[in-house]
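Remarks on the structure that follows.
Numbering (the numbering used here), first residue to last: 389 to 1003.
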């Protein structure tokens, strides 16, 4: 008995461009049996059930909330409002909005379409141009690195949340065991004189500042990054809780994570509205909001303002971490990801702007309370959410309620962003290594437990220095480099015209000229400029007044290079692993896998000028 099978190269030439579409295919098997010189044929239809169909989101809303939950993270609350205030208020929205439309949205749309059409994670999606598979590993590793320290922020938030379940908040007075003799009651702080370039958040004598540095971090017991000491057991327990939440949110894939985001993605908006309503009723609140919205067009003459607007829009939307590709890969094939890209990226940016009102209404209140200017009380990062805002809350009636609400917001903001990063790692690697897909629950546990072990370094008494090191190098220049290579791979090597045809197959319409021009020229140039600016403006790493030793800087660059190195390493590996002459090897490297038969025929699109000029 034999089975008539069409030759492989013939199959490739007549098969649809995407043989891995979502629906199951019925295959007709023609069986030929020879007996006494006569051939008997029979046929049967077989459904390909041996290959499990890729799971999809339970509902469209699951996907939208997951994307929004990932993109809207802590930076929307603790970074954007301060950047807007510092860089000209309303004037900052000019470069911010411009970069949103010429780079942020196009890259966001590109990643959603790339993942949805190919239905693969960040690594295997590069079957469209195999030589670029290394950039898939780059973004997966970066997402893993970010999880090492991002979960620590969530653990801090959880520790603050547990500490808030008391009638008197622990950062309200100076009579705690961790307070120093220099601690000063906030009620007695009025018209203080700060050093040049100092802010109230760096005024280390308040109960809130001492709670953060002396109780939560225990920073006073460490001399630097070379003096970490043991992990804090209280933070270790909080980190365990965070890891368990992440694991049980992800262990069943998007079927489970898609339900968790109904809470984690919506809760921050409820809390922001409550905090804004309370904030605008405080004395001095309107002064803070006016400072937030003031327009100083002269700031636009400063190139640093444009650099910060570009980097903020990039990091805010979250392109380049493999998360959008992973999430979109679980969509139905004909889902309108164009509409999704516009909707979710717009919601993300509006959230950033809206959160500024909740933040600066409270900063205005703090400035009024202590008789200082908004400039002296305004800050970003952990100093805002773990010192300034908690202190402001502690002075309000019903402070316990508002503290619990606020730290629930931080917790949920962090959880769904961390879920996205971990899903990018799990999907990206399990799509590439089938054994991991078959053992997803075990692989999810190993990934979560691995991030826990590394995160322990960040919750030692000198852990803030490790945290700062990872925050500075793990996803700085490396993620910009990764997205730049990704944009070049899709737009130039695979081709904008072909990518647009893929989108048309999914949704029935082709992207407009605006999107194609952005993908081909504007976004790559934008990313190249941002990469150069990131390197050129790189300063000596420091935390407060502590300057990191030179060996720590070398370790930091080693961390950055450890992810970027996969781009050239895999390209070399791919070139050496394919057969043929030098030209044929190049052809195999840059030709989509389903078109390998064209290499043998000498009909490689990328070797023609028409391919590179097509839009």
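The beta carbon of each residue, even a glycine, is placed where N, CA and C say it ideally should be. If you're wondering where the values come from, they're calculated on a predicted model, not measured in any experiment.
Could you tell me the boundaries of the alpha helix (DSSP H) in which residue i lies?
i           : result
residue 454 : 448–459
residue 606 : That residue, residue 606, is in no alpha helix (DSSP H); it is neither H nor E in DSSP.
residue 972 : 970–978
residue 696 : 691–705
residue 865 : 865–876
residue 484 : 481–487
residue 941 : 938–952
residue 811 : 787–820
residue 763 : 762–765
residue 985 : 984–989
residue 463 : 462–466
residue 442 : Neither: residue 442 is in no alpha helix (DSSP H) and is coded neither H nor E.
residue 756 : 725–758
residue 496 : 493–506
residue 999 : 997–1001
residue 675 : 673–681
residue 781 : 777–782
residue 595 : 595–598
residue 715 : 711–716
Measure the beta-carbon distance from residue i to residue j and round it to whole angstroms, keeping in mind my assumption that it falls under 8 angstroms.
i           : j           : result
residue 528 : residue 959 : So it is not a contact: roughly 16 angstroms between Cβ atoms.
residue 558 : residue 551 : 5 angstroms
residue 981 : residue 518 : 6 angstroms
residue 472 : residue 744 : 6 angstroms
residue 676 : residue 752 : 2 angstroms
residue 574 : residue 554 : At roughly 18 angstroms, the Cβ-Cβ gap does not stay under 8 angstroms, so residue 574 and residue 554 are not in contact.
residue 869 : residue 919 : 6 angstroms
residue 485 : residue 954 : So it is not a contact: roughly 34 angstroms between Cβ atoms.
residue 774 : residue 600 : 5 angstroms
residue 765 : residue 776 : 7 angstroms
residue 849 : residue 622 : In fact, because the Cβ distance is near 12 angstroms, the residues do not count as touching under 8 angstroms.
residue 466 : residue 769 : 6 angstroms
residue 549 : residue 796 : 7 angstroms
residue 793 : residue 662 : 6 angstroms
Tell me which residues share the same chain as residue i and place their Cβ nearer than 8 angstroms to its Cβ, disregarding the 5 neighbours each side in the sequence.
i            : result
residue 653  : 453, 454, 456, 457, 460, 800, 804
residue 898  : 888, 889, 891, 892
residue 761  : 755
residue 991  : none
residue 684  : 476, 477, 479
residue 857  : 613, 929, 936, 940, 943, 944, 947
residue 1048 : As displayed, the chain neither begins before 389 nor continues past 1003, which places residue 1048 out of reach and without an answer.
residue 566  : 598, 599, 602, 603
Beta-carbon within less than 7 angstroms of residue i's beta-carbon, same chain only, minus the 5 sequence neighbours each way: which residues are those?
i            : result
residue 423  : Any reading at residue 423 must be qualified, since the residue scores a pLDDT of 42, below 50, and its modelled position is unreliable; the value itself is stated next. Once the five neighbours on either side are set aside, residue 423 has no close Cβ partner at all.
residue 861  : 944, 945, 947, 948
residue 935  : 928
residue 722  : 894, 895
residue 806  : 535, 538, 539, 542, 634
residue 816  : 509, 510, 511, 524, 528, 710, 714
residue 1008 : Residue 1008 is absent from the model: the chain starts at 389 and stops at 1003.
residue 886  : none
residue 749  : 664, 667, 668, 670, 673, 676, 677
residue 972  : 987
residue 409  : Note that residue 409 has pLDDT 40, beneath the 50 cutoff, so the model's placement of it is unreliable and no number is given.
residue 916  : 872
residue 876  : 912
Considering only residues of the same chain and omitting the five flanking positions on each side of residue i, which have a CB-CB separation below 6 angstroms?
i           : result
residue 747 : 469
residue 951 : 526, 529, 530, 866
residue 983 : none
Under a CB-based cut-off of 7 angstroms, is residue i close to chain B?
i           : result
residue 471 : Absent from the structure: chain B. Only one protein chain is present.
### Query
How do the segment 701–718 and the segment 727–743 stand: do at least 3 beta-carbon pairs fall below 8 angstroms, yes or no?
As far as the Cβ criterion goes, the segment 701–718 touches the segment 727–743, which means the pair count is three or higher.
### Message
I want to know whether the segment 621–628 touches the segment 536–551 - three or more CB-CB distances under 8 angstroms.
### Response
Cβ pair count under 8 angstroms is three or more, so yes.
### Query
For the 8 angstroms Cβ check, are there 3 or more pairs between the segment 779–794 and the segment 682–691?
Result no; under three Cβ-Cβ pairs closer than 8 angstroms.
### alpha helix (DSSP H) runs contained entirely in the segment 827–857, provided each spans 4 or more residues
828–843, all fully within the segment 827–857.
### Task
Could you tell me which uninterrupted alpha helix (DSSP H) segments, each at least 4 residues in length, are contained entirely in the segment 532–574, listed from first to last along the chain?
Qualifying alpha helix (DSSP H) stretches: none in this window.
### Query
Does the segment 637–645 come close enough to the segment 842–861 to have 3 or more Cβ pairs within less than 8 angstroms?
Touching, no.
### Task
Take every Cβ of the segment 900–911, pair it with every Cβ of the segment 494–505, and state whether three or more of those distances are shorter than 8 angstroms.
Because the criterion of three Cβ pairs below 8 angstroms is met, the segment 900–911 and the segment 494–505 touch.
### Query
Per the contact definition of three or more C-beta pairs closer than 8 angstroms, is the segment 710–721 in contact with the segment 503–523?
Verdict: yes, contact present.
### Task
Output the residue ranges of the alpha helix (DSSP H) runs that lie fully inside the segment 873–919 and measure 4 residues or longer, sorted by chain position.
List check, alpha helix (DSSP H) in window: 884–895, 901–905.
### Query
If we count Cβ pairs, one from each stretch, closer than 8 angstroms, do we get three or more for the segment 872–889 versus the segment 467–486?
Touching, no, given that fewer than three Cβ pairs across the two stretches are closer than 8 angstroms.
### Task
Would you mind listing the beta strand (DSSP E) stretches within the segment 613–663 that are 3+ residues and don't spill past its ends, in chain order?
Correct list: empty.
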